[in-house]
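Engineer:
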Ligand code: SF4
């Protein structure tokens, strides 16, 4: 068995699917030094990637979207699940996503749903702080790589604001300003300037947040179900000290 | 007064309103306009009481000339009072919105001076938001009972959702506890709003730029457990309102003892009937999405079963309907099975096209087998217990509570507050008035 390492791009992943299709192979982002199997580097190839994409589109219009969402989850082993799903689908020449009796289908559905959830959570939990220059900045550390999935939402909603959303985990920055949005990778030694200090509205928001909770109905467990602890570091209303 | 203090008072005073949905309005952002409305709604955070916060929910003013006994803002109650200036509140909303704290504003108010004056202040706030700040986010406004219909209409042109709260589920309770409010002050604006909304929809079909009127519809709220109105009364009235006025939502709010009126549950003994509120929401959900009727849900009596959820309760009462076979039941039948939801029903229907389903597949499809196994077979296989007598299954389906506050409740049926020290006046039911 060979291990195909494709790096981090979607195109690289599709190329790896193409290369792996007819052989015993496993796909991953980067080589694991401890692995028993030989590994090969895959160079992204637009022609191979395009063939896989067209193959998916032939089976169902939105199949590529499911695959993409699942891939963005960055779950361990998701690449191999996706490869298995594509082999089955191309082999049977039909869209098998509805066949939840199949464990590969359930694994991919789960991964895609994780990304969908994480996207939704970011729509909920991104919190901007305003810099003295009037730029709005937010930091996030999502489980799935959802930055590309939230650009339209934030750009459309705050189209008169200059925004930066920084994915600290992946060192990616979403930049939204008049005219459009894009994502850029941070340079290797690029330092992140710290977020600006809180102002009046951060304090007002925290004050409001505490005032509206009804003490007669306190239910912290329920609260934690909806706002898991791992998001709270970046949530204004859960911070109680000034940065 | 400091803005912080004001916000504290006016946020606190609004917290008894249960509704916080921001759904139902889909509006794309426009260049040069701030904000959009996201049709599925977005909850931005959850408070320590586990309730979602998606709108800045405040009162324009908590000064009130009325004296509704169940309300902490009533004139006779000694609480700190405050009022927002329209400019101030609009600015606050925009600043919160820009930081992605909220989807928009939920604006309500005590009756400051008189209903019309109050509505005018609220309209002013909305106007500043929409016109000066070009605010395209969500606005939910609660109309003030007794305000001129012209003002209600004006509010509807500015807001996404309009609500008129019923508060008490029967005319008798209303007469007793909120004597200044007459049923007509509630139902005629509801009717007016529905008419205006329908007209705007019709116009919208003819001209693309016709003005919208409360595009996210209207909702209402009822307080549960302040009076002796039963679950059946409440659910039938909800059913009637959904039908008659096309309401988007009916909210329930468990009464938190604050009043001292002889007809109210006494402060010391009563705890908020949260469990009852929960069962009512479950029932409401069944009515809206699972085609249950209020009569089906309450066929067993005036009060809901508190031990098991209303869907399980119905299933236990209807052994003749079960078991349902996952491999060929239609959607309607699947939806009657406890533990099968809308998503899992659709997945069952989708997955069985690929081949027969076995019991072990069902769990993967999202079916909650803990409940469903008593009512569902797959390929003829039944995974329930070998005993299937009613008390035994019922016991297994009983909600076991680990949450301290909900376990305040014990016993099989909902408890109504003790009979009031004063007699309820004889009045026709709201449902009758609706259908008259
Ligand atoms: S009119 Fe509204 S705010 Fe005033 S006492 Fe009655 S319920 Fe409370």
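Chains as they are written, first to last, in this note's numbering: chain A, 1 to 243; chain B, 1001 to 1436. Where a beta carbon is used, it is the ideal one built from N, C-alpha and C, also for glycine. These numbers come from a predicted model, not from an experiment.
1) How would you label residue 32 of chain A, buried or exposed, when you count the other beta carbons within 10 angstroms and need 16 or more for buried?
2) Spatial neighbours of residue 64 of chain A within its chain, please: CB distance less than 7 Å, with the 5 preceding and 5 following residues excluded, ordered by chain position.
3) Please go through the stretch 1087-1144 of chain B and give each complete beta strand (DSSP E) segment of 3 or more residues, from N-terminal end onward.
4) Given this structure, state the Cα-to-Cα distance separating residue 1324 of chain B from residue 1313 of chain B, to the nearest angstrom.
5) On the three-state DSSP scale, how would you describe residue 61 of chain A?
6) Using a Cβ-Cβ cutoff of less than 6 Å, which residues in the same chain neighbour residue 147 of chain A once the five nearest sequence positions on both sides are dropped?
7) Suppose contacts are defined by Cβ-Cβ distances below 7 Å. Is residue 25 of chain A in contact with residue 2 of chain A by that definition?
8) Could you pull the DSSP bridge partners for residue 1222 of chain B from this structure?
9) Quick one: is residue 1318 of chain B buried, meaning 16 or more other Cβ sit within 10 Å of its Cβ, or exposed?
10) Mapping DSSP to helix, strand and coil, what is residue 1402 of chain B?
11) Taking all protein chains shown into account, decide if residue 1006 of chain B is buried (16 or more other Cβ within 10 angstroms of its Cβ) or exposed.
12) So which of A:137, A:102, A:79 has the shortest CA-CA distance to residue 125 of chain A?
13) Among A:97, A:7, A:70, which has the Cα closest to the Cα of residue 45 of chain A?
14) According to DSSP, simplified to helix, strand and coil, what is residue 1375 of chain B?
15) According to DSSP, is residue 273 of chain A helix, strand or coil?
16) Can you tell me whether residue 166 of chain A sits near the ligand SF4, meaning its C-beta is under 6 Å from at least one heavy atom of the ligand?
17) Identify each residue in the stretch 1097-1108 of chain B for which the Cβ-Cβ distance to at least one residue of chain A is less than 8 Å, and report them in chain order.
18) Helix, strand or coil, according to DSSP, for residue 182 of chain A in the structure here?
19) Looking at the strands, I want to know which residues DSSP matches up with residue 1162 of chain B.
20) Taking a Cβ distance cut-off of 7 Å, strictly less, list which residues of the stretch 103-126 of chain A are near chain B, in chain order.
21) Give, in chain order, every residue of the stretch 188-212 of chain A whose Cβ lies closer than 9 Å to some Cβ of chain B.
22) For residue 166 of chain A, which beta-bridge partners are listed by DSSP?
23) Three-state secondary structure (DSSP) at residue 40 of chain A?
24) Alpha carbon to alpha carbon, how far is residue 1226 of chain B from residue 1278 of chain B?
25) What three-state label does DSSP hand residue 1070 of chain B in the structure shown?
26) Residue 1312 of chain B by DSSP, collapsed to three states: which one?
27) Could you give the C-beta distance for residue 134 of chain A and residue 157 of chain A, rounded to a whole number, given that I count them as a contact under 8 Å?
Structural biologist: Working from what's here:
1) Around the beta carbon of residue 32 of chain A, fewer than 16 other beta carbons sit within 10 angstroms, so the residue counts as exposed.
2) Closer than 7 Å at Cβ, skipping near neighbours: 53, 56, 57.
3) Scanning the stretch 1087-1144 of chain B from its first residue to its last, the whole beta strand (DSSP E) runs of 3-plus residues come out as 1104-1108, 1138-1142.
4) Those two C-alpha atoms are separated by around 16 Å.
5) Three-state DSSP puts residue 61 of chain A in coil, outside helix and strand.
6) Same-chain partners within the cutoff: 167, 172, 174, 183.
7) For the pair residue 25 of chain A and residue 2 of chain A, the CB atoms are nearer than the 7 Å cut-off.
8) Residue pairing from DSSP places residue 1222 of chain B in a beta bridge opposite B:1167, B:1252.
9) Exposed: under 16 other Cβ atoms inside 10 Å.
10) With a pLDDT of 49 at residue 1402 of chain B, under the threshold of 50, the modelled position of this residue cannot be trusted, and the question is left open.
11) With 16 or more Cβ atoms within 10 Å of its Cβ, residue 1006 of chain B is classed as buried.
12) The residue with the shortest Cα to Cα distance from residue 125 of chain A is A:137.
13) Comparing Cα positions, the closest option is A:7.
14) The three-state secondary structure of residue 1375 of chain B, taken from DSSP, is coil.
15) Past the boundaries of the shown model lies residue 273 of chain A; chain A is included only from 1 to 243, so the question cannot be answered.
16) It does not: the Cβ of residue 166 of chain A is nowhere closer than 6 Å to a heavy atom of the ligand SF4.
17) Residues 1098, 1099, 1100, 1101.
18) Strand at residue 182 of chain A.
19) Bridge partners of residue 1162 of chain B according to DSSP: B:1141, B:1218.
20) Legend: CB atoms of the stretch 103-126 of chain A lying less than 7 Å from CB atoms of chain B belong to residues 106, 123, 124, 126.
21) Answer in chain order: 200, 201, 202, 203, 204, 205, 207, 208, 209, 210, 211, 212.
22) Its beta-bridge partners are A:139, A:173.
23) In the structure shown, residue 40 of chain A sits in a strand (DSSP, three-state: E or B).
24) Between the alpha carbons of residue 1226 of chain B and residue 1278 of chain B lies a gap of roughly 16 Å.
25) In the three-state DSSP reduction, residue 1070 of chain B falls in the coil class, being neither helix nor strand.
26) Helix at residue 1312 of chain B.
27) With a Cβ gap of about 17 Å, residue 134 of chain A and residue 157 of chain A do not count as contacting.
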